[in-house]
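Sequential numbering from 829 applies to the sequence shown in my numbering.
One structure is given below, encoded as structure tokens.
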Amino acid sequence: MAQCKATANDLDLFDQIDFHVGDARTLRGIPRKAFDAVLPMGPLYHLVLKTDRLVALRSAYACLKSGRVIFSALVSRLGILGYLTRDNPLWIESRKSVWSHIRNGHRSPDAPPGGFCGYFARLDEIAPMHEAVGFHTAQIAGVEPAISADDESFNRLEGSQRDLWLDLLFDVSADQCMVALSRHIVYIGYKPAA
């Protein structure tokens, strides 16, 4: 919170922002039907239980004005494999953990402590999860389409070459293959007009 407040102050926005720390499942103290957009940028991959993710989405839905937009961030179940290959190659030696991740989207309950404990979504469950609480789906896109294991190569590009690659990646970001293999996924939907 301190870093967020410092950044808002540096940008001369501090007086325009209400800061709250809380639970995404309840959003206590947050006004209902008051926002033009909601951005769950962590709860859907930090909440391991499906019931908790649905409760968080219901709370976000309640805070949103009719006809307005939700942008949800998720971590892809298969897209994360590129990251694990690069940054944690020893993970593959724990077959039980590997298959728990692939089957269930999270570490096995008896996994040793440490590491990221989160939920990794399958593409085919993202829209139904949001739609179950009332959202209408507009788009689902991969955040790192086609480069999820090697975004550093893209980051080194400059000028028109970088722009052309960025345009192409944007154009293919909603292709289902690209979405499923991207490390992060964004869901864009809306609360129907009343």
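Backbone N, C-alpha and C define an ideal beta-carbon position, used for all residues, glycine too.
- Message: Leu1009 and Ser904 - do their beta-carbons sit closer together than 9 Å?
- Response: Position 76 of the sequence shown holds residue 904. Position 181 of the sequence shown holds residue 1009. The answer is yes: Cβ separation under 9 Å.
- Query: Beta-carbon separation of Cys945 and Val876 under 9 Å?
  - Reply: If you number the sequence shown from 1, residue 945 lands on position 117. If you number the sequence shown from 1, residue 876 lands on position 48. Result yes, Cβ atoms of Cys945 and Val876 sit closer than 9 Å.
- For Ile1016 versus Gly907, is the C-beta distance shorter than 9 Å? As a position in the sequence shown, residue 1016 is number 188, starting the count at 1. As a position in the sequence shown, residue 907 is number 79, starting the count at 1. No, Cβ-Cβ distance for Ile1016 and Gly907 is not below 9 Å.
- Could you please give me the residues that DSSP links to Thr835 through a beta bridge? Within the sequence shown, the letter at position 7 stands for residue 835. DSSP output for Thr835 lists no bridge partner at all.
- Task: Identify every residue that forms a DSSP beta bridge with Phe899.
- Result: The count along the sequence shown starts at 1 and reaches residue 899 at position 71. Bridge partners of Phe899: Ile1016.
- Message: Among the candidates Glu921, Ser900 and His964, whose CA atom is the shortest distance from the CA of Pro1020?
- Response: As a working note, residue 1020 is residue 192 in the sequence shown. The option with the nearest alpha carbon to Pro1020 is His964.
- Length-filtered (3 minimum) beta strand (DSSP E) runs lying within the stretch 847-889: 863-866
- Message: Report the start-end ranges of each alpha helix (DSSP H) in the stretch 968-993 that is 4 residues or longer and not cut off at the edges.
- Response: 979-983
- Message: I believe Lys893 touches Lys861 by the beta-carbon criterion, under 8 Å. Please report the beta-carbon distance rounded to the nearest angstrom.
- Response: Here residue 893 is taken as the residue at index 65 of the sequence shown, counted from 1. Here residue 861 is taken as the residue at index 33 of the sequence shown, counted from 1. Yes, they are in contact, since the Cβ atoms of Lys893 and Lys861 sit about 6 Å apart, within 8 Å.
- Item | Reduced DSSP secondary structure (H/G/I, E/B, other) of His958 | As a working mapping, residue 958 is identified with position 130 in the sequence shown. Correct three-state label for His958: helix.
- Message: For Phe842, count the other beta carbons within 10 Å of its own beta carbon; 16 or more makes it buried, fewer makes it exposed. Which is it?
- Response: Taking the sequence shown and counting its residues from 1, one reaches residue 842 at position 14. Phe842 is exposed by the Cβ-count criterion.
- Task: Within 10 angstroms of the Cβ of Ser900, are there 16 or more other Cβ atoms? Answer buried if so, exposed if not.
- Result: The residue labelled residue 900 in the question sits at position 72 within the sequence shown. The residue in question, Ser900, is buried, as its Cβ has 16 or more Cβ neighbours within 10 Å.
- Query: Between Leu997 and Phe863, what straight-line distance do the alpha-carbon atoms span, to the nearest angstrom?
  - Reply: If you number the sequence shown from 1, residue 997 lands on position 169. If you number the sequence shown from 1, residue 863 lands on position 35. Each residue's Cα considered, the two are about 30 Å apart.
- Pairwise C-alpha distance: Leu951 and Asn983: Locating residue 983 in the sequence shown gives position 155, counting from the first residue. Locating residue 951 in the sequence shown gives position 123, counting from the first residue. About 26 Å.
- Task: Work out the CA separation of Leu912 and Thr835 for me, nearest whole Å.
- Result: Locating residue 835 in the sequence shown gives position 7, counting from the first residue. Locating residue 912 in the sequence shown gives position 84, counting from the first residue. If I take the Cα positions, the gap works out to 31 Å.
- Look at the alpha carbon of Arg1011 and the alpha carbon of Pro973, and state the distance between them as a whole number of angstroms. Taking the sequence shown and counting its residues from 1, one reaches residue 1011 at position 183. Taking the sequence shown and counting its residues from 1, one reaches residue 973 at position 145. Looking at the two C-alpha atoms, the distance is approximately 8 Å.
- Query: Gln967 and Ala1022 look like a contact to me (Cβ under 8 Å); what is the Cβ gap, rounded to whole Å?
  - Reply: If you number the sequence shown from 1, residue 967 lands on position 139. If you number the sequence shown from 1, residue 1022 lands on position 194. Wrong, their Cβ atoms sit about 22 Å apart, outside the cutoff.
- Identify which residue in His848, Gln1004, Pro859 and Asp915 has its Cα closest to the Cα of Ile954. On the sequence shown, residue 954 is found 126 positions in, with the first residue counted as 1. Cα-wise, what sits closest to Ile954 is Gln1004.
- Message: Can you tell me whether Ile898 is buried or exposed? The criterion is at least 16 other CB atoms within 10 Å of its CB, across all chains shown.
- Response: For this step, residue 898 is matched to residue 70 along the sequence shown. So Ile898 counts as buried.
- Does at least one heavy atom of the ligand ZN sit under 8 Å from the Cβ of Ala1002? Although the ligand ZN was asked about, the structure shown includes no ligands whatsoever.
- Item | Strand pairing of Thr965, partner residues [DSSP] | Translated into positions along the sequence shown, residue 965 becomes position 137. Note: Thr965 sits in a beta bridge opposite Gly1017.
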